[in-house]
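Residue numbers 474 to 614, in our numbering, belong to the letters of the sequence shown in order. Report on the following structure.
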Amino acid sequence: MDLKQSIRCVSLISLVSLAMVGCAQQDRVVEMATPMAQSQMAGSAASKVLLRGAANDVKIVDVRAQKRSGMLTVQTEVINEAGRNRTVYWRYRWLDDAGMQIGDDEPWKPQQLLGHQSIMLRGSAMKTTAADFRLEMNVEP
């Protein structure tokens, strides 16, 4: 093996190592986007929710999505099954038909959830190119 081949080999190993370190540091809630037909969106609630941390007795009851005037609109029913109050921080992430994120992240919205209370989280995409979504949630203990 000559010097050029050795340098290429070391460079390749370095790149692979960096990529592995980057992957190891990814947030555990990252998942590949899988665009779905509108009729399938409401039927797969688990694949639409990215939970950051423990659920702390907060559960997704139902997820519904439809296009209104060309804009994707989502409604998610959430219930606090515990007797104590929880604060839920949530936002929708909008995706195009290729699974790529559209626009910047929405800001996190705080929502007080009383013990045994059920609420609706509603959102609408700002662009007509939105074909799919993810609900990101963080539940305070």
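Glycine included, C-beta positions come from ideal geometry on N, C-alpha and C.
Residue from the options with nearest C-alpha to residue i
i, options, result
"D530", "V561, R607 and L594", "V561"
"G572", "V534, V612, R607 and K532", "R607"
"I592", "T601, A603 and W563", "W563"
"N611", "V547, Q585 and S520", "Q585"
"R541", "T602, P614 and E613", "T602"
"S620", "P583, Q590, P614 and I575", "Absent from the structure is residue 620, since the part of the chain shown begins at 474 and ends at 614."
"E613", "A519, L523, A528 and V522", "A528"
"T549", "L594, A604 and K600", "L594"
Nearest-angstrom beta carbon gap, residue j and residue i [assumed within contact, 8 Å]
i, j, result
"R525", "E609", "7 Å"
"A604", "L523", "With 8 Å as the limit, A604 and L523 do not qualify as a contact, their Cβ atoms being about 17 Å apart."
Reduced DSSP secondary structure (H/G/I, E/B, other) of residue i
i, result
"S520", "helix"
"L587", "coil"
"K600", "coil"
"T507", "Low confidence applies to T507: its pLDDT is 35, below 50, so where it sits in the model is not reliable, and the reading given next is rough at best. Note: T507 maps to coil in three-state DSSP."
"E609", "strand"
"P614", "coil"
"Q557", "Position check: residue 557 holds Arg in this sequence, whereas Gln was assumed. R557: coil per DSSP, three-state reduction."
"W581", "coil"
Own chain partners of residue i with C-beta closer than 7 Å, once the 5 adjacent residues on each side are dropped
i, result
"G588", "N553, A555, G556, R557 and N558"
"G678", "Outside the shown range of the chain, which is 474 to 614, sits residue 678, and nothing can be said about it."
Residues near residue i by beta carbon distance below 8 Å, same chain, minus five either side
i, result
"D578", "R564 and R566"
"L568", "A506, P508, Q574, I575, A603, A604, D605, F606 and R607"
Same chain, Cβ closer than 6 Å to residue i, five either side skipped, listed in chain order
i, result
"A518", "I533 and V536"
"Q590", "N553"
Starting from the N-terminal side, write out each stretch of the beta strand (DSSP E) that is 3 residues or longer and does not extend beyond the region 522–549.
Fully enclosed beta strand (DSSP E) runs of 3 or longer: 522–525 and 531–541.
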